[in-house]
Amino acid sequence: MVYTGYMDRQTAGCREIEHTADWELHVWAPDLATLLEQAARGMYELSHTHLADGPRVERIFDLPFTDRESLLVDFLSELLFYAEDENLAFDEYRLDFDGSSLKVQISGSLIDYQAKEIKAVTYHRMAVRETERGLDVNIVFDV
Amino acid sequence: MVAIADLKKINDFEWEIPKSFRGDMRVPVRVFVSEGLLKEAMRDKSLEQAVNAATLPGLVGHVLVMPDMHQGYGFPIGGVAATRYPGGTISPGAIGYDIGCGVRLLGSQISLDEALPYLDDLATALDRNCPSGVGKSGQLRLSEKELNRLCVEGSRWALGKGYATQADVRRTEEGGQLKGADPSKVSERAKKRGRPQVGTLGAGNHFIEVDLIVEIYDPRAAQVMGLEVGNLALQIHCGSRGFGHQICSDYVRTFQGAVKRYDIELPDRELVCAPMDSPEGEAYLGAMRCAANYAFVNRQVLAHWAREAFDKVLGRRVRNANLHQIYDIAHNMGKIETHEIEGRRMKVCVHRKGATRAFGPGYEGLPDEYQEIGQPVLVPGSMGTASWVLVGTEESMKRSFGSTCHGAGRTMSRSKAKKTIWGEDLRKELEGEGIHIRAGSMAGLAEEAPAAYKDVDAVVDTVSGAGIAKKVARLRPLVVVKG
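These protein sequence lines are chains H and S, in that order.
The first sequence runs 0 to 142 under numbering that gives the first Met the number 0.
The second sequence runs 0 to 482 under numbering that gives the first Met the number 0.
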């Protein structure tokens, strides 16, 4: 799995932040679609999710846009649901945002191994901020 | 930021953050903590989160924080808040994603001497019988109709299916059945997640533990519960699995719109709430109660599998391999209760997140045998340290909405724990102390290391010193099964 964490100078990436009880991820990217993708990759990394070699599967869905934070929570929650319901995780992302909704086309495969459980993606202190390099956000996961 | 200087010391075990600390606080924050544990708590954002919680509309009395507090998401772990009912608000984030998460304790007449040669076999049998791990499904596959029945009937559903005894049900909080559960308020997605997971432990800090009773502090209460020094006991810690997680996620999302509709301003979006008598509030109450009942059943079915494991390993080797239920109590729940607040009897919704109900002697709803001693409170430690059995008191009714602590409480971040502790080394260390470990993931084991938790004895000394619980028995672990 490609993972760009711990590389603060990159244009997009993520790194884990200290949190007493749960997991917190700092994510940055030049645009919203890349921010979502980086957040997904970081979430899989935190839970030690490894994909199995095997047939590729694709899922396509739309998410409504109310605000950037809700879109982030909805997108990651959708991935958590696929992991639990179909044992699927994804490593290729095509995210097209038209201002009112996000069209998601993702591909991946069955999960070979997942060490840790994420219960939920929270809104705790979540705020997508505009920065010199694009956007950044901190996400707290309940584990 | 909250500093120690912002807190007013009430006595050795109680501190207060006054309402004047921040302009948006509706009530003060009362912290049950010793000076030592307070210094430890200042290292994270628990108290800042308690101040944020004190802005919820409809609060009465104080927001309370227990000595096992630690930073959560929105509402602190170890937090208790009561809102007026009706007329106040309900906040899903102040109950948590693992709705109904709690602890069940079963006692036995099995002595350590009898069981010692078979503890490793017992660990293996419990691990095999009780499904655990990330997203794990169980042996049961419920139809939607059956799941709906389970949501409404709670432990009575398990009784009807042969997974429970009458005594189990009687010795469960609320008889294992919160009234008012409404499956029509639960999403299809939550039901899909919940159908295959009844009777599963999950992962994270959930566990099944065989303990040894090492010390009795209240002989009368211990006798009533059937706890004797030198005998084994079994603890089960888990909750409502993906079913509850999805219900909370669904309603935290829905309430993002509700706060705008009801013109509620909050300092953190995870604290979103809705008036309890609004369509959104009523729907969440109905769905949350389904998850609470699911959690009671989940622990009941796991207790059934655990009894089978005990019987298989010890049935022909000890005089009596039976496990009798002592109590089952949740520590993530919203309940409508009546309390005396500022001299008036009031109906309130008590939000407990990482805090245990601790009703004193004589309170309605306790089983007959516990009327005299008060409600058992189960306080698990970390997997290498003690766990405690306490009882609720008159003081807990007067000063903490009948609530007390729920565990040791984390003090070290998960990232630091996994950087500094190797799971395999920890497993060897615990096994060297005679604790038999079965864990699905060594990384997960490292995050749950005893060093990542506060001293549970200091937490219990605090609630006992404050009078909001009374010590009954101390337990130490012999077998730990984790997902």
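Glycine included, every Cβ here is placed at the ideal spot set by N, Cα and C.
Neighbour flag for residue i against chain S, beta carbons, 9 angstroms
{"i": "T3 of chain H", "result": "Because the pLDDT at T3 of chain H is just 43, under 50, the model does not fix this residue reliably, and the value given afterwards should be weighed accordingly. No, because no Cβ of chain S sits closer than 9 angstroms to the Cβ of T3 of chain H."}
{"i": "M0 of chain H", "result": "Low confidence applies here, because M0 of chain H scores a pLDDT of 36, under 50, leaving its location unreliable and the question unanswered by this model."}
{"i": "M6 of chain H", "result": "Confidence in M6 of chain H is poor, its pLDDT being 49 and thus under 50, which makes the residue's placement unreliable; the coordinate value appears in the next sentence. It does not: the Cβ of M6 of chain H has no partner Cβ on chain S nearer than 9 angstroms."}
{"i": "H49 of chain H", "result": "no"}
{"i": "N137 of chain H", "result": "no"}
{"i": "V56 of chain H", "result": "no"}
{"i": "R108 of chain H", "result": "Residue identity differs from the one stated: residue 108 of chain H is Ser in this sequence, not Arg. Taking Cβ atoms only, chain S never reaches closer than 9 angstroms to S108 of chain H, which makes this a no."}
{"i": "D73 of chain H", "result": "yes"}
{"i": "S99 of chain H", "result": "no"}
Partners in chain H for residue i, counting only beta-carbon separations shorter than 9 angstroms
{"i": "Q70 of chain S", "result": "H18, T19, A20 and D21"}
Within chain H, the residues that residue i reaches when beta carbons sit closer than 7 angstroms
{"i": "H244 of chain S", "result": "K118 and A119"}
{"i": "S248 of chain S", "result": "S76 and A119"}
{"i": "D43 of chain S", "result": "T19"}
{"i": "R188 of chain S", "result": "F80"}
Chain H within 9 angstroms of residue i, Cβ atoms only
{"i": "Y96 of chain S", "result": "yes"}
{"i": "K191 of chain S", "result": "yes"}
{"i": "E269 of chain S", "result": "yes"}
{"i": "M411 of chain S", "result": "yes"}
{"i": "Q255 of chain S", "result": "yes"}
{"i": "I76 of chain S", "result": "yes"}
{"i": "V251 of chain S", "result": "yes"}
{"i": "R351 of chain S", "result": "no"}
{"i": "G92 of chain S", "result": "yes"}
{"i": "G482 of chain S", "result": "yes"}
From the options, residue whose alpha carbon lies closest to that of residue i
{"i": "G71 of chain S", "options": "S:K184, S:R409, S:L477 and S:V478", "result": "S:R409"}
{"i": "G161 of chain S", "options": "S:Y96, S:Q299, S:G391 and S:L104", "result": "S:Q299"}
{"i": "S106 of chain H", "options": "H:L87, H:K115, H:Y122 and H:V120", "result": "H:L87"}
{"i": "G95 of chain S", "options": "S:F358, S:D112 and S:R351", "result": "S:R351"}
{"i": "A465 of chain S", "options": "S:L146, S:K427, S:E394 and S:P218", "result": "S:E394"}
{"i": "C100 of chain S", "options": "S:A221, S:V479, S:G333 and S:G73", "result": "S:G333"}
{"i": "A202 of chain S", "options": "S:S136, S:V26 and S:W387", "result": "S:S136"}
{"i": "E36 of chain H", "options": "H:F89, H:T121, H:G98 and H:I110", "result": "H:F89"}
{"i": "H79 of chain S", "options": "S:P85, S:M441, S:G86 and S:L46", "result": "The displayed chain sequence assigns Val, not His, to residue 79 of chain S. Answer by Cα proximity: S:L46."}
{"i": "R42 of chain S", "options": "S:M411, S:Q196 and S:L425", "result": "S:M411"}
{"i": "A114 of chain H", "options": "S:A438, S:I263, S:T82 and S:Y293", "result": "S:A438"}
{"i": "R318 of chain S", "options": "S:Y452, S:E187 and S:S110", "result": "S:S110"}
Amino acids of chain S, ordered along the chain, whose beta-carbon sits closer than 8 angstroms to that of residue i
{"i": "K115 of chain H", "result": "V133, A202, G203, S440, A442, G443 and E446"}
{"i": "E15 of chain H", "result": "S414"}
{"i": "S69 of chain H", "result": "R252 and Q255"}
Per-residue contacts from residue i into chain S (C-beta, under 7 angstroms)
{"i": "R124 of chain H", "result": "D267"}
{"i": "D141 of chain H", "result": "Y72 and Y96"}
Partners in chain H for residue i, counting only beta-carbon separations shorter than 8 angstroms
{"i": "G241 of chain S", "result": "E83"}
- Those runs of the alpha helix (DSSP H) which lie wholly inside the segment 190-234 of chain S and span at least 4 residues: 218-224
- Item | Runs of beta strand (DSSP E) lying entirely within the segment 39-72 of chain H, each at least 3 residues, in chain order | 48-50 and 56-63
- Task: Return the chain-ordered ranges of every beta strand (DSSP E) run that is complete within the segment 101-129 of chain S and spans a minimum of 3 residues.
- Result: 101-110
- Message: Measuring CB atoms only, is the segment 0-15 of chain S touching the segment 125-142 of chain H, in the sense that at least three cross pairs come out at less than 8 angstroms?
- Response: no
- Message: Could you check whether the segment 465-472 of chain S touches the segment 212-227 of chain S, counting it as contact only if at least three pairs of C-beta atoms, one from each stretch, sit closer than 8 angstroms?
- Response: yes
- Task: Kindly confirm or deny that the segment 369-376 of chain S and the segment 413-427 of chain S touch, where touching means at least three C-beta pairs closer than 8 angstroms.
- Result: no
- Would you call the segment 66-86 of chain H and the segment 182-193 of chain S touching, i.e. three or more CB-CB distances under 8 angstroms? yes
- Message: Measuring CB atoms only, is the segment 101-110 of chain S touching the segment 222-232 of chain S, in the sense that at least three cross pairs come out at less than 8 angstroms?
- Response: yes
- Using 8 angstroms as the Cβ pair cut-off and three pairs as the minimum, do the segment 149-158 of chain S and the segment 169-188 of chain S touch? yes
- Evaluate the contact criterion for the segment 348-366 of chain S versus the segment 423-437 of chain S: three or more CB pairs, one atom per stretch, below 8 angstroms. no
- Taking the runs of the alpha helix (DSSP H) that are 4 residues or longer, which of them lie wholly in the segment 403-480 of chain S? 413-419, 422-431, 441-446 and 455-465
- Query: Is the segment 12-19 of chain S in contact with the segment 300-311 of chain S, if contact means three or more CB pairs nearer than 8 angstroms?
  - Reply: no
- Message: Would you call the segment 116-125 of chain S in contact with the segment 332-350 of chain S, where contact means no fewer than 3 C-beta pairs closer than 8 angstroms?
- Response: no
- Query: Which runs of the beta strand (DSSP E) spanning at least 3 residues fall entirely within the segment 360-404 of chain S, listed in chain order?
  - Reply: 375-378 and 386-390
- Any contact of the segment 451-460 of chain S with the segment 31-51 of chain S, i.e. 3+ C-beta pairs under 8 angstroms? yes
- Whole alpha helix (DSSP H) runs in the segment 6-43 of chain S with 4 or more residues, listed along the chain? 34-40
- Task: Give, in chain order, every unbroken run of the beta strand (DSSP E) that is at least 3 residues long and sits entirely within the segment 260-340 of chain S.
- Result: 322-329 and 331-340
- Message: Closer than 8 angstroms is the cut-off here; do at least three beta carbon pairs connect the segment 95-110 of chain H with the segment 41-57 of chain H?
- Response: yes
- Determine contact between the segment 17-26 of chain H and the segment 61-71 of chain S, defined as no fewer than three beta-carbon pairs at a distance below 8 angstroms. yes
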